[in-house]
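**Student:**
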Amino acid sequence: MTKNLVALASIAVLALTACGGSGQTADPGQTSEAPATTSAPATTSAPSTSTDPSTPSEPGAGPSSSAPAGGGDDCQVSGGELVVGQGQTCELSNVSIDGDVTIRDGGSVVLTNVSVDGNIQGEGYAIVSVTGGTVGGDIQLEDGGSAAITGVRVDGNIQAEDNQGDQTISDNTVDGDIQTESNRGAQTITNNRADGNLQCEDNRPAPTGGNNTVDGDKEGQCSAL
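Mapping of the sequence shown onto mature numbering (1 follows the signal peptide of the UniProt record, and there is no 0): residues -20 to -1, 1 to 205, in sequence order.
1) Can you look up Q120 in the DSSP assignment and give me helix, strand or coil?
2) Out of N171, V132, Q101, point me to the one whose CA is closest to G113's CA.
3) Rounding to the nearest angstrom, what Cα-Cα distance links C70 and D135 in this structure?
4) With C-beta atoms as the reference, is D155 less than 7 Å away from D142?
5) By DSSP's criteria, V154 is part of a beta bridge. Which residues make up the other side?
6) Out of curiosity, what's the CA-to-CA distance linking G87 and A140?
7) Can you give the Cα-Cα distance for residue 235 and N191, rounded to whole angstroms?
8) Could you pull out every unbroken alpha helix (DSSP H) segment of at least 4 residues lying fully inside the stretch 66 to 129, listed in chain order?
9) Using a 10 Å radius around the Cβ and a threshold of 16 neighbouring Cβ atoms, would you call S44 buried or exposed?
10) Since G60 and I83 should fall inside the 8 Å C-beta cutoff, what is the C-beta to C-beta distance between them, to a whole number of angstroms?
11) Along the beta strand (DSSP E) that carries Q56, what are the first and last residues, could you check?
12) So the candidates are L72, D54, D118; which of them puts its Cα closest to the Cα of D80?
13) Run through DSSP, which three-state label would Q147 get?
14) By a C-beta neighbour count over all protein chains shown, 10 Å radius and 16 as the cutoff for buried, is T160 buried or exposed?
15) Identify which residue in E181, V64, S58, D78 has its Cα closest to the Cα of D85.
16) Starting from Q159, follow its DSSP beta bridges and name the residues at the other end.
17) Do T130 and D151 have their C-beta atoms closer together than 7 Å?
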């Protein structure tokens, strides 16, 4: 019987060896670790674009023209220049304009105590009225309608040519000349002070007025004015 027990024990040992491999058993509480994975590189978010209308725009992205206060839509200043187009009427007072004032075919302008650094140029205009203020260049009126230049300090010349409407040039201080030629409306030229000449030619009717003071000469139709 002892031999039988020894034989059974040997068989049991052989069976355990075959089932356990190396004889080590895994810890029931131990779990195998999953292989480590490599994280994807972080992506950089694109900067958000603001749609808030209050966000300042880039320099130069704003409108290129603006209307002086009180001037209305017909008084658009672009690049320092005031341009009054066909059928438009611009009325301004007590403002400054850095460049020229240009009045085109059929346009009208009424300026009161306005400072203009450049010229006032009207060609084919309907009405030009300038009262008080200063002009850094010339006042040039051609092929237009009626005009009144009164009490203005002009650093250049006052020139009127081929206009059809009535014109008044009075009480101005002019560093250059006052010249009128080939106008067909009534002209009144009075109480002006010019450092240059007063010259009038081929106007029908001839200009009227007087009491003009010039450092140069009074010539043509204005010789007695």
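Where a beta carbon is used, it is the ideal one built from N, C-alpha and C, also for glycine.
From a predicted model like this one, the values you see are computed outputs, not experimental measurements.
**Tutor:** According to the structure shown:
1) Sequence index remark: in the sequence shown, residue 120 carries index 140 (1-based). Three-state result, Q120: strand.
2) To locate residue 113, count along the sequence shown from 1; it is residue 133. With distances taken between Cα atoms, G113 lies closest to V132.
3) Along the sequence shown, read from residue 1 onward, the residue named residue 70 stands at position 90. Along the sequence shown, read from residue 1 onward, the residue named residue 135 stands at position 155. Using only the alpha carbons, I get a separation of about 23 Å.
4) Counting from one through the sequence shown, the residue named residue 155 turns up at place 175. Counting from one through the sequence shown, the residue named residue 142 turns up at place 162. Not in contact: D155 and D142 (Cβ atoms no closer than 7 Å).
5) Reading the sequence shown from its first residue, position 174 is the one you call residue 154. According to DSSP, V154 bridges with V134, A174.
6) Translated into positions along the sequence shown, residue 87 becomes position 107. Translated into positions along the sequence shown, residue 140 becomes position 160. About 17 Å.
7) Nothing about residue 235 can be read from this structure; the chain reaches only from -20 to 205.
8) none
9) If you number the sequence shown from 1, residue 44 lands on position 64. Confidence in S44 is poor, its pLDDT being 37 and thus under 50, which makes the residue's placement unreliable; the coordinate value appears in the next sentence. Its Cβ having fewer than 16 others within 10 Å, S44 is exposed.
10) Sequence index remark: in the sequence shown, residue 60 carries index 80 (1-based). Sequence index remark: in the sequence shown, residue 83 carries index 103 (1-based). Rounded, the Cβ-Cβ distance is 16 Å, inconsistent with contact.
11) Working through the sequence shown from its first residue, we reach residue 56 at position 76. Residues 56 to 58.
12) Taking the sequence shown and counting its residues from 1, the one referred to as residue 80 is at position 100. Looking at the Cα atoms, D118 is the closest of the given residues.
13) Working through the sequence shown from its first residue, we reach residue 147 at position 167. Correct three-state label for Q147: strand.
14) Working through the sequence shown from its first residue, we reach residue 160 at position 180. Classification for T160: buried.
15) Working through the sequence shown from its first residue, we reach residue 85 at position 105. Ranking the options by Cα distance to D85, first place goes to V64.
16) Walking along the sequence shown from the start, residue 159 turns up at place 179. DSSP, once it has assigned bridges, lists Q139, Q179 as partnering Q159.
17) Working through the sequence shown from its first residue, we reach residue 130 at position 150. Working through the sequence shown from its first residue, we reach residue 151 at position 171. The answer is yes: Cβ separation under 7 Å.
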